[in-house]
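This report refers to the structure that appears directly beneath it.
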Amino acid sequence: MTSLLDRVPVIPVAVVDEVDHAVPLARALVAGGLPVIELTLRTPVALEAIRRIAAEVPDLLLGAGTITTGEQARQAADAGAAFLVSPGSTSAVLDGMTETGLPFLPGVATVSEAMAALERGLTELKFFPAEAAGGAPFLRSLHGPLPQVRFCPTGGITRQTAASYLALPNVGCVGGSWLTPPDLLAAEDWGTVARLAAEAHRLPADLIAGS
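In the working numbering, the protein residues as written are 32 to 242.
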C-alpha cells in the first residue's frame, strides 16, 4: 500500500462545525485533485461528518485527526476513517490507534518522542506543532541522527512556507489548514476550496520549476 506520506504533497486539515459542509468540502477537494482530508475531532459533529463522507465520497482518502484517546481511535475507525492522526504520542493513544488496524501518523515534537516512536517500529510521524516546535530547520537537523524517520509537519504551515518543508529529504508531505479556512466553509465557497486544492497539488512541480 502506498505510504500516507507519498499520496499527496499536502494533506488538508479541516475543522467542520456544520455537518452539512462535510460532503461538499470533500467533493471540492476531490475536484481540485487533492483527494484526501484529515478531518479533526474537534467539534461535536466530527464523527457524523466522517460517516457522511465515508458513505458519499468514496474517492476521498478519509482521515480522522486530533485523536487524543484510544476510544476516539476506535470511534473514528467505526465511523469510516481510513487513517488516523494524533497530535501527540502517549502509550494509550498509540495502543488505541494500533488496535484499529488502520495506518496512522502519531504526533511528535521532540527528538526523544521521535526515538520513542522508533522503538515501537514507527518511522512515519506527524511533526506538530511544526512552526512553534522549530519548523523546517528543526526537521533538517533530525535527518542526520534519525535518517529512517519521515515526517508530515503540521501546524502553522502556509502556502508560502510549505515549500521549505517539502524540500527536506525527511518530509513526505505537509498538513495544511490554509485550504479549508473557517470563512470559506461558512460561506460554502467550494469553488475556492477546489482552487486552493489544485494549487497545493502543484506544489512539487512548483518547487522543481523554482529550483
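Just so it is clear, CB atoms sit at the ideal spot from N, CA and C, and this is done for glycine as well. All of these numbers come straight from a predicted model, not from anything done at the bench.
- Residues of the same chain with a CB within less than 7 Å of the CB of ALA77, apart from the 5 flanking positions on each side, are VAL47, LEU70, THR71 in chain order.
- Within the DSSP bridge table, the entry for GLU155 names ARG181 as partners.
- Take the alpha-carbon of ASP37 and the one of VAL54: they are about 24 Å apart.
- In the structure shown, ILE98 adopts coil according to DSSP, grouped into three states.
- In this structure ALA228 touches GLY64 by the C-beta definition: roughly 6 Å separates them, less than 8 Å.
- In the DSSP assignment, THR131 falls within the alpha helix (DSSP H) that extends over 122-131.
- By the beta-carbon neighbour count (other beta carbons within 10 angstroms, threshold 16), THR211 is buried.
- Rounded to whole angstroms, the separation of the alpha carbons of ALA147 and PRO213 is 35 Å.
- Taking 8 Å as the cut-off, the Cβ atoms of ARG171 and LEU199 count as close.
- Between ALA57 and ILE84, the gap from beta carbon to beta carbon is short of 8 Å.
- Taking the Cα positions, PHE114 is about 9 Å away from GLY96.
- Runs of the alpha helix (DSSP H) spanning 4 or more residues and lying entirely within the stretch 42-101 occur at 53-62, 77-87, in chain order.
- The Cβ atoms of VAL180 and THR154 sit closer than 8 Å to each other.
- It is roughly 23 Å from the alpha-carbon of CYS183 to the alpha-carbon of ALA62.
- GLY206 sits close to ILE42, with the two beta carbons spaced by under 8 Å.
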